Every structure is written in structure tokens, then in C-alpha cells.
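In the working numbering, the protein residues as written are 946 to 1100. All C-beta atoms, glycine included, are put in the ideal place defined by N, C-alpha and C. From a predicted model like this one, the values you see are computed outputs, not experimental measurements. Structure, as C-alpha cells:
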């Protein structure tokens, strides 16, 4: 089996005859999505600040298509408090290698669950669970196969 990178998040897997359940000499193009997306929560100081957040806590992310300021707005909510901020969607507010709201907007369903990884002075960094990506009907694949995996394990 040979795995070839052909462009942004696209890979070709070429197999030998009957290897790992693939048909003979089959070439497959698979799209890879990261198993975790990191996002920055901002606008926290307009509500409760970073005080209600702790590492490991779950945050509900909800798309807000009716938002008049940002068509790709994703609201962050905590149980009992409601809206606590938004997923950063500007080069001025996205921290480090985090994804912007616009970059993950089409990768989640109407809502997703995030997990707090870092609580900073004026922002919170969360990871978006891979399971939420699958629930949105997006393909999840890997760049390699383990010995026991077949094509059906990838799609």
C-alpha cells in the first residue's frame, strides 16, 4: 500500500492486489479531516469573563445564522448561564493555530460540543470533538491503515 499526499487534506491510497480488503490494484482518493479542531472563544468580557470556565469543561457551540454581524457566527453556551461568548472569527481574535468560526462552520452540524483546554486572561481555547464531525455526516478517514483495517473502516 502506498499513501500519497496530493493537496490540502487530500490523500491517495494505492493498494496491491487484495490488500486489506481493497479490490485489486484500486486507487482511492480520501479526504482527511483532523480528529480535533481547536477554537478560541472570545467576547467573554461582555458577559461573565473567563471565571465560569475550567479545563475539561464541556461547552455547547451553536450556529447563529441569523446573526446580523457575522453570517458564520457560532455561539458558545454553558448550562445555567446560556450565551457566554462566540467562536473567534477574525484574524485579530483567533489565537495560535486555532480554527476560526468560518473554517469550522461547515464542519459541524447545527450544534456541537467543545471541551475547554486552556483558560487564558481574555479567551478560552477549546477542542471540538471528532464525534460531532461524524454526526454532521462528514467523512472521517485516516492517513494510514492498521493491519486489521479495511476500506469499510475508513468511510
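Exercise for review: Report yes if the C-beta distance between residue 1061 and residue 1069 is below 8 Å; otherwise report no.
Suggested key: Going by beta carbons, residue 1061 and residue 1069 fall inside the 8 Å limit.
**Study point:** First through last residue of the beta strand (DSSP E) which encompasses residue 1019
**Key:** Run containing residue 1019: 1019-1023, per the beta strand (DSSP E) assignment.
Review point. What three-state label does DSSP hand residue 1052 in the structure shown?
Key: Helix at residue 1052.
Exercise for review: Establish whether the CB of residue 1061 and some CB of chain C are separated by less than 8 Å.
Suggested key: Annotation note: the requested chain C is absent from the structure, which comprises a single protein chain.
Practice item. Could you tell me the distance, in whole angstroms, from the CA atom of residue 1057 to the CA atom of residue 1033? Key: C-alpha separation (whole angstroms): 15 Å.
Check your understanding: Considering only the beta carbon of each residue, do residue 1039 and residue 1000 sit closer than 8 Å?
Key -> Going by C-beta atoms, residue 1039 is not nearer than 8 Å to residue 1000.
Check your understanding: When you compare each of 1027, 985, 1013 to residue 992 by their alpha carbons, which one comes out closest?
Key -> Of 1027, 985, 1013, the residue nearest in Cα terms is 1027.
Check your understanding: Is DSSP giving residue 1013 helix, strand or coil here?
Key -> It is coil, neither helix nor strand.
Review point. Relative to the C-alpha of residue 1049, which residue among 1067, 1066, 1020 is closest?
Key: When only C-alpha atoms are compared, the closest one is 1020.
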